[in-house]
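Right, here's the structure in full:
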């Protein structure tokens, strides 16, 4: 992670690791999760889902910090993240 | 049947799947519409409020956002146009244990249902009203609404809207609402928290949520869905406790978000019981 100024307690903080799950057939391809992911984890995939939209695909799985923002901004209940242990 | 079950096993469950009618998903809302996000924030607020889920009732009127009542997996009611608040008032008076949520749009709540809104706020009915404000009549084809900004284009005002829109938080405050807030669908986390607070609050709570309508509003005003969201990010400022008269929606000046009013007043039911249902 790039910081403008490294916090003093940066090495004491445990950054959680998340895993994104995508329910592809619910997606309508609005791209909100891709645009507003703070760690640029997602991208549009080139394949089509059942309805003919391009669902997101995980590009950088290691970047996910399980912030759940994709989960709450998705209007379609089509994406969520869980913490990996 | 066996095949269907197998498919259900393959598809992992979304954390909100227990609160939505998954057989009706994907819903009818367009690509890029914000109602889905507001709906999911509402479900998160319901879940985090800690209240019993079978004590909730969701009432909605007509319009795109009115469809929410059909997707939520609690008791719900899709009412006639503009009459969501009267139906909700009846539900609450008949069964005071229910937590009644009114989830509807700006056209339903403030154009045809404007009178019901101000009188429910005046009486201080114990309801939570969530208004999805997409600045237009989306379902009927993008006609000018009571909330369409001045000079915005719509089907019925092709050269710009000559009228001025409602300032919804000011209207709610002036009518006597006890909790008034405004968020956008991009501020989904604040919105979910606000809905949670409003659900736990006694009295009339009103939350206005700005949400894009890329098909019927954005297309005529040269705004793509992501442009609208970027505008929500760049042109809004959170100012809790701001004066309600400053809260006009003008994206050139900037739009104020936050929790504006949070006061305690006796509700209609309490007042009624005190005067007419006194027991020795």
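Chains as they are written, first to last, in the working numbering: chain H, 32 to 116; chain F, 2 to 281. Glycine included, C-beta positions come from ideal geometry on N, C-alpha and C.
- Counting other Cβ atoms within 10 Å of its Cβ, residue 30 of chain F reaches 16 or more and is therefore classed as buried.
- CA-CA distance, residue 35 of chain F to residue 65 of chain F, rounds to 11 Å.
- Apart from the 5 residues on each side of it in sequence, residue 57 of chain H sits with its Cβ closer than 8 Å to the Cβ of 107, 108 and 109 in its chain, given in chain order.
- Here residue 114 of chain F has 62, 83, 84, 85 and 86 as same chain residues with Cβ atoms under 7 Å from its own Cβ, once five neighbours each way along the sequence are excluded.
- When CB distances to chain H are screened at a threshold of 9 Å, the residues of the stretch 18-42 of chain F falling below it are 18, 21, 23, 26, 27, 28, 30, 31, 32, 33, 34, 35, 36, 37, 38, 39, 40, 41 and 42, in chain order.
- Put simply, of F:200, F:69 and F:155 the residue whose alpha carbon is nearest the alpha carbon of residue 56 of chain F is F:200.
- With the criterion set as a beta carbon lying under 9 Å from some beta carbon of chain F, the members of the stretch 77-104 of chain H are 82, 84, 99, 100, 102, 103 and 104, in sequence order.
- As the crow flies, the alpha-carbon of residue 16 of chain F is around 13 Å from that of residue 105 of chain H.
- A check of alpha carbon separations from residue 46 of chain F across F:93, F:196, F:162 and F:148 identifies F:196 as the nearest.
- Apart from the 5 residues on each side of it in sequence, residue 90 of chain H sits with its Cβ closer than 8 Å to the Cβ of 71, 72, 73 and 74 in its chain, given in chain order.
- Contact annotation: residue 111 of chain F and residue 52 of chain F have beta-carbon atoms that are not nearer than 9 Å.
- Look at the beta carbons and you see the stretch 156-173 of chain F touching the stretch 238-256 of chain F: at least three pairs across the two are nearer than 8 Å.
- Judged by DSSP secondary structure, residue 229 of chain F falls within the alpha helix (DSSP H) whose first and last residues are 226-235.
- Against chain H, the CB of residue 16 of chain F has a partner CB under 9 Å away; the residue lies at that interface.
- Residue 103 of chain H and residue 271 of chain F have their C-alpha atoms spaced approximately 36 Å apart.
- Those residues of the stretch 122-148 of chain F placed with their C-beta closer than 7 Å to a C-beta in chain H do not exist.
- Of all residues in the stretch 68-84 of chain F, none places a beta-carbon less than 8 Å from a beta-carbon of chain H.
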